[in-house]
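Novice: Have a look at this one.
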Amino acid sequence: MNIPKNVKGQLRKHIAIKEKRIDMANIFDKTAHLIINRYVSWRAFNKACNEMYLLSDATLNDIGIHRSQIKSFVSDSMKQNDNTKQNKQSAA
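Residue 68 in the working numbering sits at position 68 of the sequence shown, with consecutive numbering throughout.
What follows is the structure in C-alpha coordinates.
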(Lines of atoms letter the chains of each structure in order from A; the text may use other names.)
(Lines give C-alpha, C1' and ligand atoms only; values in the text may rest on other atoms or scores of the structure.)
Protein backbone atom coordinates (compact mmCIF):
# COMPACT_ATOMS: atom_id res chain seq x y z
CA MET A 1 0.00 0.00 0.00
CA ASN A 2 1.39 3.35 -1.04
CA ILE A 3 0.92 6.18 1.45
CA PRO A 4 1.53 9.66 0.09
CA LYS A 5 4.57 11.45 1.55
CA ASN A 6 2.50 14.33 2.90
CA VAL A 7 0.31 11.87 4.84
CA LYS A 8 3.39 10.13 6.25
CA GLY A 9 4.74 13.49 7.36
CA GLN A 10 1.47 14.38 9.04
CA LEU A 11 1.39 11.02 10.82
CA ARG A 12 4.94 11.52 12.08
CA LYS A 13 4.05 14.99 13.40
CA HIS A 14 0.91 13.62 15.06
CA ILE A 15 2.89 10.81 16.74
CA ALA A 16 5.57 13.25 17.89
CA ILE A 17 2.93 15.52 19.44
CA LYS A 18 1.33 12.56 21.24
CA GLU A 19 4.73 11.46 22.56
CA LYS A 20 5.41 14.99 23.86
CA ARG A 21 2.02 15.02 25.58
CA ILE A 22 2.78 11.68 27.24
CA ASP A 23 6.19 12.97 28.37
CA MET A 24 4.58 16.11 29.81
CA ALA A 25 1.96 14.02 31.61
CA ASN A 26 4.71 11.87 33.14
CA ILE A 27 6.63 14.95 34.25
CA PHE A 28 3.47 16.43 35.76
CA ASP A 29 2.70 13.16 37.55
CA LYS A 30 6.19 12.91 39.04
CA THR A 31 6.11 16.57 40.10
CA ALA A 32 2.70 16.17 41.74
CA HIS A 33 3.91 13.11 43.68
CA LEU A 34 7.03 14.99 44.79
CA ILE A 35 5.00 17.97 46.01
CA ILE A 36 2.53 15.75 47.87
CA ASN A 37 5.31 13.71 49.50
CA ARG A 38 7.14 16.86 50.60
CA TYR A 39 3.93 18.30 52.03
CA VAL A 40 3.18 15.09 53.95
CA SER A 41 6.75 15.03 55.30
CA TRP A 42 6.53 18.69 56.31
CA ARG A 43 3.27 18.05 58.16
CA ALA A 44 4.75 15.04 59.97
CA PHE A 45 7.83 17.08 60.92
CA ASN A 46 5.72 19.94 62.31
CA LYS A 47 3.47 17.56 64.23
CA ALA A 48 6.44 15.80 65.81
CA CYS A 49 8.10 19.11 66.71
CA ASN A 50 4.89 20.47 68.25
CA GLU A 51 4.48 17.32 70.34
CA MET A 52 8.09 17.59 71.53
CA TYR A 53 7.61 21.27 72.44
CA LEU A 54 4.74 20.21 74.71
CA LEU A 55 7.12 18.08 76.81
CA SER A 56 8.51 19.52 80.02
CA ASP A 57 12.16 20.50 80.29
CA ALA A 58 12.66 17.61 82.74
CA THR A 59 11.28 15.09 80.23
CA LEU A 60 13.42 16.53 77.44
CA ASN A 61 16.42 16.30 79.78
CA ASP A 62 15.60 12.62 80.40
CA ILE A 63 15.61 12.06 76.63
CA GLY A 64 18.94 13.83 76.47
CA ILE A 65 18.07 16.90 74.43
CA HIS A 66 17.57 20.60 75.10
CA ARG A 67 14.51 22.47 73.89
CA SER A 68 16.68 24.30 71.32
CA GLN A 69 17.63 20.94 69.77
CA ILE A 70 14.09 19.71 69.09
CA LYS A 71 13.99 20.57 65.37
CA SER A 72 17.35 18.98 64.61
CA PHE A 73 16.46 15.94 66.78
CA VAL A 74 13.18 15.40 64.91
CA SER A 75 14.85 15.99 61.54
CA ASP A 76 17.59 13.46 62.29
CA SER A 77 15.04 10.94 63.56
CA MET A 78 12.93 11.31 60.41
CA LYS A 79 16.01 10.87 58.19
CA GLN A 80 16.94 7.70 60.07
CA ASN A 81 13.39 6.44 59.69
CA ASP A 82 13.46 7.14 55.94
CA ASN A 83 16.80 5.34 55.58
CA THR A 84 15.45 2.33 57.49
CA LYS A 85 12.42 2.17 55.19
CA GLN A 86 14.63 2.38 52.09
CA ASN A 87 16.89 -0.39 53.39
CA LYS A 88 13.91 -2.65 54.07
CA GLN A 89 12.54 -1.99 50.57
CA SER A 90 15.94 -2.72 49.02
CA ALA A 91 16.19 -6.01 50.90
CA ALA A 92 12.70 -7.11 49.79
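Positions of the beta carbon are idealized from the N, C-alpha and C atoms, including for glycine.
1) Inspect the CB distances between the region 13-24 and the region 44-61 and report whether three or more fall short of 8 Å.
2) Rounding to the nearest angstrom, what Cα-Cα distance links Phe-73 and Arg-38 in this structure?
3) Hey, quick one: how far does the alpha helix (DSSP H) through Ser-41 stretch, first residue to last?
4) In three-state DSSP terms, what is Ile-65?
5) With distances taken from CA atoms, which of Met-52, Lys-5, Ile-15 is nearest Asp-75?
6) Hey, Lys-79 and Cys-49: beta-carbon distance below 8 Å or not?
Specialist: Reading it off the structure:
1) no
2) 19 Å
3) 5-53
4) coil
5) Going by the sequence as given, residue 75 is Ser instead of Asp. With distances taken between Cα atoms, Ser-75 lies closest to Met-52.
6) no
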